[in-house]
Amino acid sequence: MPAYERFSRFYDAAMDDPGPRAALVQDFIDRHHPDAASLLELGCGTGSILARLTPGPSLTGLDRSARMLDIAAQKVPGSRLIEGDMASFSLGEKFDVVICVFDSLNHLVEFDQWTSMFAAVYDHLNEGGLFCFDVNTVGELRRLGSEPPWVYDVEDNVMIMDVSCAEDGMSSWHIQIFEHVGESQYLLHEERIGELGVSLWRIRSALESTFALLEEVSDTGDPPTDDSVKAHFAFRRRP
Ligand SMILES: C[S@@+](CC[C@H](N)C(=O)[O-])C[C@H]1O[C@@H](n2cnc3c(N)ncnc32)[C@H](O)[C@@H]1O
């Protein structure tokens, strides 16, 4: 079963407000491709970003989890949603903008999958098209791995999220949701989700022959480093 299938039902209630993430993407589009007529989101999940990019381009989302897509279909009824693997996809069409946000890219746990995704993005962008994505940095994944587990109330349920980190940049997110099903009864839903941290230098190098870097920014608005929390990128497809 792909990751997020068990988590999907709780995902929107458990996650932070997606508004600021969507606003950053919208700002990149407004400044770098204001006439964009079509957009593809890779790892679109429950459609929280797609739902906030309107009015605007025609919207397509791709995700590996059918259950996340079921929720997206309700939230963004005007979008086209496709079940597939963003590491290797072939939709037979091109878009003005491709996005991949909220550390979806880190979910590809081998760097070969990142480069194969970059090649697929190139093939699916019109000339001059915009590619926006963000990553959890190597430093952030290491920091999260050293912290104690987070415990949240998610509506009537309890969620525990524990990140552990290995030397090679791999991290494992152990997510446990204790669903409140009776007075003192809980049903456990569990997921382990891998994330790979990659140095910003390696990411830029992998893209430089096919994409021109337009902008990169950390979560604080400064230039990102491998110790920032997040790095957000906007690239333009080269001819
Ligand atoms: C952290 S969520 C982000 C969802 C959405 N972008 C947002 O901002 O709310 C990561 C998403 O990436 C999807 N995903 C992970 N690996 C994938 C893959 N290889 N191909 C397609 N989707 C994938 C997961 O199913 C999940 O929906």
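Everything in the sequence shown is counted per numbering that gives the first Met the number 0, starting at 0 for the first residue and increasing by one.
A virtual CB, placed ideally from N, CA and C, is assigned to each residue, including glycine.
Counted within 10 angstroms of its Cβ, other Cβ atoms place residue i as buried (16 or more) or exposed
i: D15; result: exposed
i: W149; result: exposed
i: R237; result: exposed
i: V24; result: buried
i: V180; result: exposed
i: A45; result: Reading off the sequence shown, one finds Thr at residue 45, where the question assumed Ala. Buried, since its Cβ has 16 or more Cβ neighbours within 10 Å.
i: M67; result: buried
i: T224; result: exposed
i: R63; result: buried
i: E109; result: exposed
i: A118; result: exposed
i: M0; result: exposed
i: Y3; result: buried
i: S145; result: exposed
i: S78; result: buried
7 Å Cβ cutoff met for residue i and residue j
i: R5; j: E166; result: no
i: F132; j: L107; result: no
i: D221; j: G138; result: no
i: G193; j: S171; result: yes
i: A86; j: Q112; result: yes
i: V100; j: A230; result: no
i: P56; j: L38; result: yes
i: N125; j: D155; result: no
Same chain, Cβ closer than 7 Å to residue i, five either side skipped, listed in chain order
i: Y121; result: T209, R236
i: F234; result: F130, L206, F210, A211, L212, L213
i: T53; result: none
i: S198; result: V137, D225
Supposed contact pair residue j and residue i - C-beta distance, whole angstroms, cut 8 Å
i: G83; j: L49; result: No, G83 and L49 are not in contact; Cβ-Cβ is about 16 Å, not under 8 Å.
i: G196; j: T136; result: 7 Å
i: P17; j: S47; result: 4 Å
i: I28; j: A35; result: 6 Å
Close beta carbons around residue i, own chain, < 6 Å, minus the five adjacent residues each side
i: V228; result: E139, D218
Neighbourhood of residue i by C-beta, 8 Å cutoff - its chain only, sequence neighbours within 5 removed
i: V153; result: F9, A12, A13, I176
i: S89; result: A119, D122
i: L187; result: Q175, I176, F177, E178
*Along the chain, which unbroken stretches of the alpha helix (DSSP H) at least 4 residues long are found entirely within the stretch 89 to 139?*
110 to 123
*Starting from the N-terminal side, write out each stretch of the beta strand (DSSP E) that is 3 residues or longer and does not extend beyond the stretch 27 to 59.*
37 to 41
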